[in-house]
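Taken in order, the sequence shown gives residues 320 to 488; the numbers are from this note's numbering. Ideal Cβ positions, reconstructed from N, Cα and C, are used throughout, including at glycine. On a predicted model such as this, the values are computed, not experimentally measured, just so you know. Below is one structure, written out as structure tokens; comments come after it.
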Amino acid sequence: MKWSRAELLQADKQTIDFTDTIAFDPAAFAKMHQIRGLQDVTVSGNIHYDTASERVFADLDIEGVMIVPCSITLEDVEYDFHTKSLEVFSFDKTEDEDVHEVKGDVVELLPVIFQLILMEVPLKVVKEGIKEYPKGDGWEVVKEEDYTKSKKDDIDPRLAKLKEFKLED
């Protein structure tokens, strides 16, 4: 997903519409803990070159499936995502943080698309239909409902002595 300045100038009204399916190298996820892979990533939209400002505007619509670890069992979970973004690229040097500076004369969308996808990674995903929660030596994961039921009958140790208190007539 690269376009040179010459390609953008030759396009009708300096605008190029596109739809593409992207595959990411599994090595890109080797050092990441929050995401394990991407599947069926489709990017569509258009890219427009404004000759007056020497800026390129990319209107992106990204959707696909990310593989993320379950927060409880660490098993792979497929998570659908969809995001839209308007990204701005500049052929000139800029101090604006929201504008991507183009290296050379080629606008490359793939690194920006990857960053947009990473911003969509959820903080917590739980696999549906977990029947058995993990446990170990002296610990176990319990459902919140089970935890609140067990704590409902417990007496606060700070107030335990009050149970022995009896009112005298």
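Item: Going by DSSP, what residues sit across from VAL353 in a beta bridge?; Value: Here residue 353 is Gln; the residue named in the question, Val, does not match the sequence. BP columns for GLN353 are empty, so no partner.
Item: For the beta strand (DSSP E) containing LEU393, name the first residue and the last one.; Value: Looking at the DSSP string, LEU393 is not in any beta strand (DSSP E), and its letter there is neither H nor E.
Item: According to the neighbour-count rule (16 or more other Cβ atoms, all chains shown, within 10 Å of its Cβ), is TRP458 buried or exposed?; Value: exposed
Item: Between ALA349 and ILE366, is the Cβ-Cβ spacing less than 8 Å?; Value: no
Item: At which residues does the alpha helix (DSSP H) containing ILE432 begin and terminate?; Value: 429-437
Item: How many angstroms separate the CA atom of VAL384 from the CA atom of THR338?; Value: 17 Å
Item: Would you be able to state if there are at least three C-beta pairs under 8 Å between the segment 323-330 and the segment 422-435?; Value: yes
Item: Here's the rule: buried if 16 or more other CB atoms are within 10 angstroms of the residue's CB, otherwise exposed. What is VAL461?; Value: exposed
Item: Do you know whose CA, among PHE408, GLU439, ILE386, lies nearest SER372's CA?; Value: PHE408
Item: Identify whether ALA377 lies in helix, strand or coil by the three-state DSSP scheme.; Value: strand
Item: I'd like to check one pair, SER404 with LEU437: are the Cβ atoms closer than 8 Å?; Value: no
Item: For GLU459, which of helix, strand or coil comes out of DSSP?; Value: strand
Item: Pull up the distance between the alpha-carbon of ALA342 and that of GLU406, whole angstroms please.; Value: 21 Å
Item: Taking the beta carbon of ILE474 as the centre, do at least 16 other beta carbons fall within 10 Å, making it buried, or is it exposed?; Value: exposed
Item: Per DSSP, what are the beta-bridge partners of MET320 in this structure?; Value: Answer is none; MET320 lacks a bridge partner.
Item: Enumerate in chain order the residues of its own chain whose CB-to-CB distance from THR370 is below 8 Å, with the five nearest sequence positions on each side excluded.; Value: LEU328, GLN333
Item: Do you know whose CA, among GLU464, VAL445, THR361, lies nearest MET320's CA?; Value: THR361
Item: Measuring CB atoms only, is the segment 442-452 touching the segment 386-402, in the sense that at least three cross pairs come out at less than 8 Å?; Value: yes
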